[in-house]
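Trainee:
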Amino acid sequence: MPVVFEFKAKGKAAQYTAIDEAIRTGQFIRNKCLRLWMDVKATSRNDLYKHCKVLAHQFPFAKKLNSTARQAMSERTWASISRFYENCKKKVPGKKGYPQFKHNSRSVEYKQSGWKLSPNRKQITFTDKIGIGKLKLKGTWDLHFYQIKQIKRVRLIKRADGYYVQFLIDTELTQKVEATGHNVGLDVGLKEFYTDSDGNTEPNPRFYRKSEKRLKFYQRRVSRKKKGSANRKKAINKLGRVHLKISRQREEHAKRVARCVVLSNDVVAYEDLRIKNLVKNHCLAKSINDAGWYQFRKWLEYFGSKFGKATVAVNPAYTSQNCSNCETTVKKSLSTRTHVCKCGCELDSPKATLRERDHNAAINILSLAIGTVGHTGTLLIERNASGDSTSTEVDASQSQQVGS
Numbered sequence: 205m206p207v208v209f210e211f212k213a214k215g216k217a218a219q220y221t222a223i224d225e226a227i228r229t230g231q232f233i234r235n236k237c238l239r240l241w242m243d244v245k246a247t248s249r250n251d252l253y254k255h256c257k258v259l260a261h262q263f264p265f266a267k268k269l270n271s272t273a274r275q276a277m278s279e280r281t282w283a284s285i286s287r288f289y290e291n292c293k294k295k296v297p298g299k300k301g302y303p304q305f306k307h308n309s310r311s312v313e314y315k316q317s318g319w320k321l322s323p324n325r326k327q328i329t330f331t332d333k334i335g336i337g338k339l340k341l342k343g344t345w346d347l348h349f350y351q352i353k354q355i356k357r358v359r360l361i362k363r364a365d366g367y368y369v370q371f372l373i374d375t376e377l378t379q380k381v382e383a384t385g386h387n388v389g390l391d392v393g394l395k396e397f398y399t400d401s402d403g404n405t406e407p408n409p410r411f412y413r414k415s416e417k418r419l420k421f422y423q424r425r426v427s428r429k430k431k432g433s434a435n436r437k438k439a440i441n442k443l444g445r446v447h448l449k450i451s452r453q454r455e456e457h458a459k460r461v462a463r464c465v466v467l468s469n470d471v472v473a474y475e476d477l478r479i480k481n482l483v484k485n486h487c488l489a490k491s492i493n494d495a496g497w498y499q500f501r502k503w504l505e506y507f508g509s510k511f512g513k514a515t516v517a518v519n520p521a522y523t524s525q526n527c528s529n530c531e532t533t534v535k536k537s538l539s540t541r542t543h544v545c546k547c548g549c550e551l552d553s554p555k556a557t558l559r560e561r562d563h564n565a566a567i568n569i570l571s572l573a574i575g576t577v578g579h580t581g582t583l584l585i586e587r588n589a590s591g592d593s594t595s596t597e598v599d600a601s602q603s604q605q606v607g608s
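Each residue of the sequence shown is one higher than the one before, counting from 205 in our numbering.
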């Protein structure tokens, strides 16, 4: 499982200008490769590789960029094309993600050439003709633990608060931890970040909501500046810094909570939510995006793989409606937060009247996943026509998966 280490890049103004030039050149190559695919029928991945070499001969500024960096940009183009083909093949409802031209790229990627690390692994020198030169690496990661050949990619990223260097390292970061003998089901929500099958909850931090007033202030400052002026660029940068802080807060919160959940349980079950469909509800879209459910699931799966714990994605259908005690369907609207069943089911949790619905759903999620305790890795639990639960791997092909 490859890992990514990130460092802050420190250099001179001329070097930052060269990084911007490298990013623009990479964007140019990507758009030219996409144009070739649009204009020439049956264009393959190898054709895009060959086109990079043609572009280097046609445009002198493109030749300055390292050849593997040009190839990496063509690979990005092909990744968007193949994703579009995959969505068409699976007949994904709605838009299929037709590849679009990039207008504001913020990164460029090198493979295993075009750069060189210093002996103390605290500086990196880019050796192509773009003119980036030597950059200091500021960060806490120690690259001495890894061989140079293990570094498969080096990525330069421009953000609102500066420039960063990422290293993609091919290594196995696994850690053995003792079994806890406890399993948990999680029902994510907007009022509470999640409610587990034991009745415990994690508060929703709402980072975006708390920063909305500040965002509006900087947005007004941007709108008042003249387009194309230096003051407008400064205002845009300050606005971008606020957005960057919010995204980092959300990511760190999801990482911290996911790590605690995985270390405390042997099996973690959660809903296989389609966030793309949920945000179509314009009344809830802002709150759903602010909650960061996707980041939470991503880190659950990462830490599950790292610590050897089972993470199970469950089909969310009827998990809130069905009674966790007698499996009777108790219909509820979205505003109904309590669970009242004829069987007299009572959920023993603090402030139960506020969380009965979510607690009931979490118990159902765990019940669906409990049959796959012997499996490891990320699994997807679905119900078949007879009502029984079946498990398939998330990355299995559509023909192998059991229909819900």
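Where a beta carbon is used, it is the ideal one built from N, C-alpha and C, also for glycine.
#1: What do you reckon, are the CB atoms on Y253 and S278 nearer than 7 Å?
#2: Using three-state DSSP, classify R436 as helix, strand or coil.
#3: Just how far apart, CA to CA, sit E210 and S509?
#4: Under the three-state reduction of DSSP, which class applies to F263: helix, strand or coil?
#5: In whole angstroms, what is the alpha-carbon distance linking N519 and E406?
#6: May I ask you to report which of helix, strand or coil DSSP gives I233?
#7: Return yes when the Cβ of G403 is within less than 7 Å of the Cβ of H563, no when it is not.
#8: For L341, which residues does DSSP report across the bridge?
#9: From the DSSP output, in three-state form, read off D562 for me.
#10: Please name the residue in I492, L377, A283 and R436 whose C-alpha comes closest to that of I479.
#11: Give me the DSSP bridge partner(s) of E279.
#12: Quick one: which unbroken beta strand (DSSP E) runs of 3-plus residues sit fully inside the stretch 355-420? Chain order, please.
#13: What residue from A364, K353 and T247 has the CA that sits closest to Q439's CA?
#14: Determine, using beta carbons only, whether N435 and K442 come nearer to each other than 7 Å.
#15: Taking the beta strand (DSSP E) that Q327 belongs to, which residues open and close that run?
#16: Bridge partners of A473, per DSSP?
#17: Using 8 Å as the cut-off, can you tell me whether the stretch 289-303 makes contact with the stretch 244-263, which would need three or more C-beta pairs spanning the two stretches below that distance?
#18: Given 8 Å as the limit, is there contact between the stretch 319-327 and the stretch 275-290, that is, 3 or more CB pairs closer than that?
#19: Going by beta-carbon coordinates alone, are T375 and Y314 separated by less than 7 Å?
#20: With a threshold of 8 Å, are at least 3 pairs of Cβ atoms found where one atom belongs to the stretch 333-343 and the other to the stretch 210-226?
#21: Note down, in chain order, each residue of its chain lying with its Cβ closer than 8 Å to the Cβ of L394, except the 5 sequence neighbours on either side.
#22: Could you spell out the range, first to last residue, of the beta strand (DSSP E) harbouring Y498?
Mentor: The answer reads as follows:
#1: yes
#2: helix
#3: 21 Å
#4: coil
#5: 22 Å
#6: helix
#7: yes
#8: A213
#9: helix
#10: I492
#11: According to DSSP, which records beta bridges pairwise, E279 is partnered with nothing at all.
#12: 355-363, 366-373, 387-392, 396-400 and 405-407
#13: The sequence given here has Ala at residue 439, not Gln. Closest option to A439, Cα to Cα, is A364.
#14: no
#15: Q327 to F330
#16: G389 and V516
#17: no
#18: no
#19: no
#20: yes
#21: N408, L488, S491, I492 and A495
#22: Run containing Y498: none in the beta strand (DSSP E); it sits in the alpha helix (DSSP H), W497 to F511.
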